[in-house]
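Q: The structure follows.
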Amino acid sequence: MRLIFLGPPGVGKGTQAVKLSQKYGIPHISTGDALREAVARKTEIGLKAKSYMDKGTLVPDKVVIGIIRERLARDDCRSGFILDGFPRTVKQAEALDEILKAMGVELDAVLNVEAPDGVIIERLSGRRTCRSCGRVYHIIYVPPKREGVCDVCGGELYQRDDDKPEAIARRLQVYKEQTAPLIEYYEDRGKLRRIDGSKSVDDVFRQITGLLEGEKTDYEKEEG
Ligand code: AP5
Numbered sequence: 003m004r005l006i007f008l009g010p011p012g013v014g015k016g017t018q019a020v021k022l023s024q025k026y027g028i029p030h031i032s033t034g035d036a037l038r039e040a041v042a043r044k045t046e047i048g049l050k051a052k053s054y055m056d057k058g059t060l061v062p063d064k065v066v067i068g069i070i071r072e073r074l075a076r077d078d079c080r081s082g083f084i085l086d087g088f089p090r091t092v093k094q095a096e097a098l099d100e101i102l103k104a105m106g107v108e109l110d111a112v113l114n115v116e117a118p119d120g121v122i123i124e125r126l127s128g129r130r131t132c133r134s135c136g137r138v139y140h141i142i143y144v145p146p147k148r149e150g151v152c153d154v155c156g157g158e159l160y161q162r163d164d165d166k167p168e169a170i171a172r173r174l175q176v177y178k179e180q181t182a183p184l185i186e187y188y189e190d191r192g193k194l195r196r197i198d199g200s201k202s203v204d205d206v207f208r209q210i211t212g213l214l215e216g217e218k219t220d221y222e223k224e225e226g
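Structure (structure tokens):
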């Protein structure tokens with residue numbers, strides 16, 4: 003199974019990708035997580051990426067394409083992968099096409115998770131992330147058992163710098179200008195599937211697993 007999660011910041015791509023990865027036992031590859039890890043470890047890539055990420059703008063294509071090229075070459079990607087947050091520009095999508103061609107594989111589907119801006123802003127403003135294991139919570143919708151503490155590893159929960167209001171607005175604008183054109187890119191290639199991301203975590207997961215088992219998504223049912 004080779005999937006891409008597309009969709010605006012905070013729509014729930016990472017939440018769903020983690021659940022799918024656990025259900026099907028295939029790697030979840032998030033460029034955002036890889037970059038945050040590089041920032042925390044103060045590697046060369048991390049030092050370069052930090053200022054872009056804090057502002058809510060995109061890290062240069064060359065850097066993220068390098069990360070993905072290296073990651074997809076690992077053995078665990080032979081049985082499939084879930085890409086989350088990559089590609090984010092047409093240039094990245096074209097580079098991915100070349101990488102997959104060289105691997106002799108094709109994408110199964112590109113899942114475009116959609117929700118109105120108001121829902122996205124509420125989700126991002128309430129998100130808390132574990133500093134140790136990266137697990138994601140929401141203060142209202144996915145609360146930890148103990149406030150400020152990760153259920154899984156006991157790590158400290160923090161608010162990402164780019165989840166503050168100015169950075170959220172910038173990320174939504176960057177998404178509309180640079181990433182939304184990928185909807186047409188994958189529609190033209192017959193890979194795009196639309197998911198209603200405004201529903202609960204379980205309901206969104208039901209739509210995704212349903213489509214992977216050959217069913218129509220909620221939007222596709224509405225469209226007939
Ligand atoms: P990245 O980490 O990829 O950020 P993003 O795309 O903005 O996505 P998010 O992680 O913010 O949101 P998500 O959709 O995964 O939502 P989540 O599941 O967490 O990238 C960060 C930065 O890195 C970028 O700005 C850029 O600088 C750089 N970068 C990364 N990739 C790059 C690339 N390819 N090229 C260039 N630069 C790149 O959910 C959000 C919240 O909602 C959580 O609190 C969650 O608990 C809650 N929630 C989730 N689903 C639901 C639901 N159904 N109902 C209620 N609450 C929900």
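Numbering (this note's numbering), first residue to last: 3 to 226.
Glycine included, each C-beta is placed from N, C-alpha and C at the ideal position.
All values reported here derive from a predicted model rather than from experimental measurement.
At a cut-off of 6 Å, would you count K166 as near the ligand AP5, judging by its Cβ distance to the nearest heavy atom?
A: no
Q: Would you kindly report the start and end of the unbroken beta strand (DSSP E) that includes I141?
A: Per DSSP, I141 lies in no beta strand (DSSP E) and is assigned neither H nor E.
Q: Can you tell me whether DSSP reads L184 as helix, strand or coil?
A: helix
Q: Within its chain, find whatever has a CB closer than 7 Å to the CB of K57; leave out the 5 residues flanking it on each side and keep chain order.
A: The answer, listed in chain order, is A169 and R172.
Q: For T131, count the other beta carbons within 10 Å of its own beta carbon; 16 or more makes it buried, fewer makes it exposed. Which is it?
A: Residue environment for T131: buried (at least 16 other C-beta atoms within 10 angstroms of its C-beta).
Q: Is it true that the segment 65-76 meets the segment 21-28, where meeting means three or more beta-carbon pairs spaced less than 8 Å apart?
A: Counting Cβ pairs under 8 Å, fewer than three are found: no touch.
Q: What residues in its chain sit with their C-beta under 6 Å from that of R125, if we drop five residues either side in the sequence?
A: G12
Q: Who are the Cβ neighbours of G157 in its own chain at under 7 Å, not counting the five residues just before and after it?
A: C132, R133, S134 and C135
Q: Less than 7 Å between the C-beta atoms of R195 and A117, yes or no?
A: no
Q: Rank F207, T17 and D190 by C-alpha distance to the C-alpha of D198 and give the top, closest one.
A: Nearest to D198 by C-alpha distance, out of F207, T17 and D190, is F207.
Q: Give, in chain order, every unbroken run of the alpha helix (DSSP H) that is at least 4 residues long and sits entirely within the segment 93-124.
A: none
Q: Put C132 into one of helix, strand or coil per three-state DSSP.
A: strand
Q: Grouping DSSP H, G and I as helix and E and B as strand, with all else coil, what is D198?
A: Judged by DSSP in its simplified three-state form, D198 adopts strand.
Q: DSSP state of V20, grouped into three classes?
A: helix
Q: Express the C-alpha separation of V154 and R148 in angstroms, rounding to a whole number.
A: 11 Å
Q: Using the Cα positions of V151 and I142, report the straight-line distance between them to the nearest angstrom.
A: 15 Å
Q: What did DSSP end up calling L213 once you bin it into helix, strand or coil?
A: helix
Q: List the residues that DSSP assigns as beta-bridge partners of Y160.
A: T131
Q: Taking C-beta to C-beta, are P29 and I122 nearer than 7 Å?
A: no
Q: Hey, would you say E95 sits closer than 7 Å to Y187, going by beta carbons?
A: Note that residue 95 is Ala in the sequence shown here, rather than Glu. In this structure, Y187 lies closer than 7 Å to A95 by Cβ.
Q: What is the DSSP secondary structure of D77, reduced to helix, strand or coil?
A: helix
Q: Within a Cβ cutoff of 6 Å, which residues of the same chain sit near L213, ignoring the five residues on either side of it in sequence?
A: R195 and T219
Q: Taking the C-alpha atoms as reference points, what is the distance between E39 and T91?
A: 22 Å
Q: In whole angstroms, what is the alpha-carbon distance linking A97 and D163?
A: 29 Å
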